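Please read the structure below before turning to the comments.
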Amino acid sequence: MNEPITVLLIDDQAIIAEAVQQMLASEPDISFHYCNNPLQTLKVVQTCRPTVILQDLVMPQIEGLLLVRLLRSSDAPTHQIPLIVLSSKEDPVIKAQAFEYGANDYLVKLPDRVELLARIRYHSRAYTNLLKREEAEALLRQENEEQALYIEQVNKITDAAFAVEQNQFEAKQLDEVVDRQDELGQLARVFTQMVKTVKVREAELERLKDSLARFFPEEYLQFLRKDSVIDVQLGDFVSKTMAVMFSDIRSFTTISENMSPRENFDFINAYLKRVSPEIRNHYGIIVKFLGDGMMAVFPDGADDAIAAGIAKHQRVWEYNQQRLARGDRPIRIGIGIHVGHMMLGMVGESNRIQGDAFSDNVNLTSRLEGLTKVYGSALLITGQTLEQLSNPEAYDVRFLANTIVKGRTEPISVYEILNAEVEAMRTLKLRTLPQFQQGIAYYQDRALTEAKTCFEQVLSIHPDDRMAQLYCDRVDALLSQGIPEDWQNVGSFESF
1165 MNEPITVLLI DDQAIIAEAV QQMLASEPDI SFHYCNNPLQ TLKVVQTCRP
1215 TVILQDLVMP QIEGLLLVRL LRSSDAPTHQ IPLIVLSSKE DPVIKAQAFE
1265 YGANDYLVKL PDRVELLARI RYHSRAYTNL LKREEAEALL RQENEEQALY
1315 IEQVNKITDA AFAVEQNQFE AKQLDEVVDR QDELGQLARV FTQMVKTVKV
1365 REAELERLKD SLARFFPEEY LQFLRKDSVI DVQLGDFVSK TMAVMFSDIR
1415 SFTTISENMS PRENFDFINA YLKRVSPEIR NHYGIIVKFL GDGMMAVFPD
1465 GADDAIAAGI AKHQRVWEYN QQRLARGDRP IRIGIGIHVG HMMLGMVGES
1515 NRIQGDAFSD NVNLTSRLEG LTKVYGSALL ITGQTLEQLS NPEAYDVRFL
1565 ANTIVKGRTE PISVYEILNA EVEAMRTLKL RTLPQFQQGI AYYQDRALTE
1615 AKTCFEQVLS IHPDDRMAQL YCDRVDALLS QGIPEDWQNV GSFESF
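So the sequence shown is numbered by my numbering: it starts at 1165 and just counts up by one.
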């Protein structure tokens, strides 16, 4: 579920407010507020607490750029709230001044609805994430202060015990206890030993906490809404719509055949330490490692998952430069991403539990990742994932096929994100995209001869386009065997 978004429009023209409100009315996660008097802005802000402010530059009550400066002053409650300036024209000088005074964005009104929504969601998400980070930092500071106070108190007890051990206490503190040769003197020495033992145990617990965090990461606790790992119980789960990602290394068996067991482990860990941080960097949770692959979920949806997938391919490309420099063969990975409802929680038995995710959508994503080998793609997504993107135009997307994966009876639409490809491959696929799309159109219309001509044109430019070759092979088979009466241009997982 998307984070709630609160939009505040500051504009003296009611007609503009009505137009903007209509643009946002169909978005259930966006609430709209309007202020027609800029002098009342701070009062309205205190009431509605916006996550994005839209501000007109021409108003009779106050000069627009001056209002920008006021909203951006360090002591104003609007200091960090994203500010999108609305202007009646594209004026580079005014735009530069607006940015200089602290505006986050600049739009000529009335903007296109899709663009306005995309910018509102982008800035609101950034602001919401900023507040979350500040809240987390505040909690961390509080925890550090509490820990420091605790350590200070422990040190005072340690000092007291040490003073007893060294016979340095004032008479009013313990009088003659230390000098006594009875049980009280022995108690003072036992107390000293007890303090030392407590400190040793604290150090052990701290090491245990650090070690445990590697097996049960903090993001799991946050997602399950638990304060501590000791609160986690078998069967705890959260059910929601999320993006799920599967990835693995291509031809890992072939690569590992010439490695010793130690080299295999070193290789896998060298790979994982480079790509795993990108999951966390994009607000994802690594559910589990699967040998040379991994499964991850992204509670906030498709945008984070695809950004993480592209970043993982970038890290692999950088890793390959190092491998090539020392004479090792480069590696390739395949990633599948799907969005759907699933359950993430704790499974196992009373003496051994671990996190896992369950849903037929999880199984579908695993099959989708397997299709990357068949289709020769770096990153595959489903049509449902594409629909969930806030700004799909930001990516180079190529439709591949309607296919039925193992375990499903209904076909899914499969797309590849070309931004994840190495530059040479991406360039060739973009160059041949018109012919490829035309070939699919012919194929779906049963114009098989024309479809094959288009795919052969693709292969003449890009001989390694496995998808174009698969279509050529399928067309040849259909031309040879005839088109079945119930044919619906749908492929299967095993044979496309």
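Ideal Cβ positions, reconstructed from N, Cα and C, are used throughout, including at glycine. Computed from a prediction, not measured in an experiment: that's the story for all the values here.
Can you tell me which of the three DSSP states residue 1498 falls into?
Within the sequence shown, numbered from 1, the residue matching residue 1498 stands at position 334. The answer is strand: DSSP assigns residue 1498 an E or B state.
Please list, in chain order, all residues of the same chain as residue 1642 whose beta carbon is under 7 Å from its beta carbon, the five residues on each side excluded.
Start at 1 with the first residue of the sequence shown, and residue 1642 comes out as number 478. Once the five neighbours on either side are set aside, the close Cβ partners of residue 1642 are 1612.
Give me, in chain order, the residues of the same chain whose beta-carbon lies closer than 7 Å to that of residue 1222; leave out the 5 immediate sequence neighbours on both sides.
Along the sequence shown, read from residue 1 onward, the residue named residue 1222 stands at position 58. Same-chain partners within the cutoff: 1228, 1252.
So, using beta-carbon positions, are residue 1549 and residue 1503 closer together than 8 Å?
Within the sequence shown, numbered from 1, the residue matching residue 1549 stands at position 385. Within the sequence shown, numbered from 1, the residue matching residue 1503 stands at position 339. Going by C-beta atoms, residue 1549 is nearer than 8 Å to residue 1503.
Return helix, strand or coil for residue 1504, following the three-state DSSP convention.
Within the sequence shown, residue 1504 is the residue found at index 340, counting from 1. Residue 1504: strand per DSSP, three-state reduction.
C-beta contact flag for residue 1169 and residue 1216 at 8 Å:
As a first step, residue 1169 must be located in the sequence shown, where it is residue number 5. As a first step, residue 1216 must be located in the sequence shown, where it is residue number 52. In this structure, the beta-carbon distance from residue 1169 to residue 1216 falls below 8 Å.
Note the first and the last residue of the continuous beta strand (DSSP E) segment covering residue 1248.
In the sequence shown, the residue the question calls residue 1248 occupies position 84. 1247-1251 is the extent of the beta strand (DSSP E) around residue 1248.
Could you check if residue 1609 is buried or exposed, using at least 16 other CB atoms within 10 Å of its CB as the buried criterion?
In the sequence shown, residue 1609 corresponds to position 445, counting from 1. It is exposed - the Cβ of residue 1609 has fewer than 16 other Cβ atoms within 10 Å.
So, with DSSP's three-state summary, where would you put residue 1305?
Stepping through the sequence shown from its first residue, residue 1305 is reached at position 141. Here residue 1305 sits in helix by DSSP.
Residue 1493 versus 1652, 1483, 1273, 1256, residue with shortest Cα-Cα distance
Within the sequence shown, the letter at position 329 stands for residue 1493. Among 1652, 1483, 1273, 1256, the Cα nearest to that of residue 1493 is on 1483.
Sequence-distant residues of its chain with Cβ nearer than 6 Å to residue 1413 (five each side left out)
As a first step, residue 1413 is located in the sequence shown; it is residue number 249 there, counting from the start. Excluding residues within five positions, the ones whose Cβ falls inside 6 Å are 1456, 1495, 1497.
Within the same chain, show all residues whose beta-carbon is closer than 6 Å to that of residue 1174, passing over the 5 residues directly before and after it, in chain order.
Start at 1 with the first residue of the sequence shown, and residue 1174 comes out as number 10. Excluding five sequence positions before and after residue 1174, the CB atoms of its chain that fall closer than 6 Å to its own CB belong to 1199, 1202, 1205, 1219, given in chain order.
Can you say whether residue 1718 is buried or exposed, counting buried as having 16 or more other CB atoms within 10 angstroms of its CB?
Outside the shown range of the chain (1165 to 1660) lies residue 1718, about which nothing can therefore be said.
Looking at the strands, I want to know which residues DSSP matches up with residue 1465.
Sequence index remark: in the sequence shown, residue 1465 carries index 301 (1-based). For residue 1465, DSSP records no beta bridge to any residue.
Just to confirm, are residue 1535 and residue 1578 a CB contact at a threshold of 8 Å?
Within the sequence shown, the letter at position 371 stands for residue 1535. Within the sequence shown, the letter at position 414 stands for residue 1578. With contacts defined by Cβ atoms closer than 8 Å, residue 1535 and residue 1578 form a contacting pair.
Assign residue 1246 to buried or exposed, taking buried as 16 or more other Cβ atoms, counted over all protein chains shown, within 10 Å of its Cβ.
Here the question's residue 1246 lines up with position 82 in the sequence shown. When all chains shown are included, residue 1246 counts as buried.
Quick check on the burial criterion: 16 or more other C-beta atoms within 10 angstroms. Buried or exposed for residue 1632?
Within the sequence shown, numbered from 1, the residue matching residue 1632 stands at position 468. Its Cβ being crowded by 16 or more others within 10 Å, residue 1632 is buried.
Span separating the alpha-carbon of residue 1419 from that of residue 1428:
As a working note, residue 1419 is residue 255 in the sequence shown. As a working note, residue 1428 is residue 264 in the sequence shown. Distance between the alpha carbons of residue 1419 and residue 1428: 9 Å.
Would residue 1543 and residue 1446 qualify as a contact pair, given that the criterion is a beta-carbon distance under 8 Å?
Numbered from 1 along the sequence shown, position 379 holds the residue referred to as residue 1543. Numbered from 1 along the sequence shown, position 282 holds the residue referred to as residue 1446. Taking 8 Å as the Cβ cut-off, residue 1543 and residue 1446 do not qualify as a contacting pair.
Residue of 1515, 1530, 1634 minimising C-alpha distance to residue 1565:
For this step, residue 1565 is matched to residue 401 along the sequence shown. Here the closest residue by C-alpha is 1634.
If I measure Cβ to Cβ from residue 1439 and keep anything under 7 Å in the same chain, skipping five residues before and after, which residues do I get?
As a first step, residue 1439 must be located in the sequence shown, where it is residue number 275. Closer than 7 Å at the Cβ level, and outside the excluded window around residue 1439, lie 1476, 1479, 1480.
Using three-state DSSP, classify residue 1211 as helix, strand or coil.
The residue you call residue 1211 lines up with position 47 of the sequence shown. In this structure, DSSP gives residue 1211 a helical state, which the three-state scheme calls helix.
Could you please give the first and the last residue of the uninterrupted beta strand (DSSP E) stretch that includes residue 1564?
Locating residue 1564 in the sequence shown gives position 400, where the first residue counts as 1. First-last of the beta strand (DSSP E) with residue 1564: 1561-1568.
Residue 1397: which of 1513, 1471, 1489 sits nearest, CA to CA?
By 1-based counting over the sequence shown, the position of residue 1397 is 233. Comparing Cα-Cα distances from residue 1397 to each of 1513, 1471, 1489, the minimum goes to 1513.
Which of the three DSSP states, helix, strand or coil, is assigned to residue 1227?
To locate residue 1227, count along the sequence shown from 1; it is residue 63. Strand.
Within 8 Å, strictly: CB atoms of residue 1385 and residue 1400:
By one-based count along the sequence shown, residue 1385 stands at place 221. By one-based count along the sequence shown, residue 1400 stands at place 236. Against a cut-off of 8 Å, the Cβ pair of residue 1400 and residue 1385 comes out as no contact.
Contact belief for residue 1110 with residue 1408 at Cβ below 8 Å, rounded distance in angstroms:
The requested residue 1110 does not occur in the structure, where the chain is confined to residues 1165 to 1660.
In DSSP terms, what residue 1195 is bridged to
Taking the first residue of the sequence shown as position 1, residue 1195 is located at position 31. DSSP lists 1170 as partners of residue 1195.
On a CA-only basis, which of 1444, 1416, 1441 is nearest residue 1432? Give me that one, please.
For the purposes of this step, residue 1432 is identified with residue 268 of the sequence shown, where counting begins at 1. Ranked by Cα distance from residue 1432, the options 1444, 1416, 1441 are led by 1416.
Let me confirm a value: residue 1295 is counted as buried when at least 16 other C-beta atoms fall within 10 Å, else exposed. Which label applies?
Stepping through the sequence shown from its first residue, residue 1295 is reached at position 131. Label assigned to residue 1295: exposed.
Classify residue 1453 as buried or exposed, calling it buried when 16 or more other Cβ atoms lie within 10 Å of its own Cβ.
Stepping through the sequence shown from its first residue, residue 1453 is reached at position 289. By the Cβ-count criterion, residue 1453 is exposed, with fewer than 16 other Cβ atoms from all chains shown falling within 10 Å of its own Cβ.
Starting from residue 1408 and walking both ways along the beta strand (DSSP E), at which residues does that stretch end?
Indexing the sequence shown from 1 puts residue 1408 at position 244. For residue 1408, the enclosing beta strand (DSSP E) starts and ends at 1401-1413.
Which one or two residues does DSSP pair with residue 1520 in a beta bridge?
Within the sequence shown, numbered from 1, the residue matching residue 1520 stands at position 356. BP columns for residue 1520 point to 1509.
Can you look up residue 1240 in the DSSP assignment and give me helix, strand or coil?
As a working note, residue 1240 is residue 76 in the sequence shown. Residue 1240 falls in the coil class under three-state DSSP.
At least one CB of chain B closer than 8 Å to the CB of residue 1427: is that the case?
Of the protein chains in this structure there is only one, and it is not chain B.
Tell me the residue span of the beta strand (DSSP E) that contains residue 1203.
In the sequence shown, counting from the first residue as 1, residue 1203 sits at position 39. Neither: residue 1203 is in no beta strand (DSSP E) and is coded neither H nor E.
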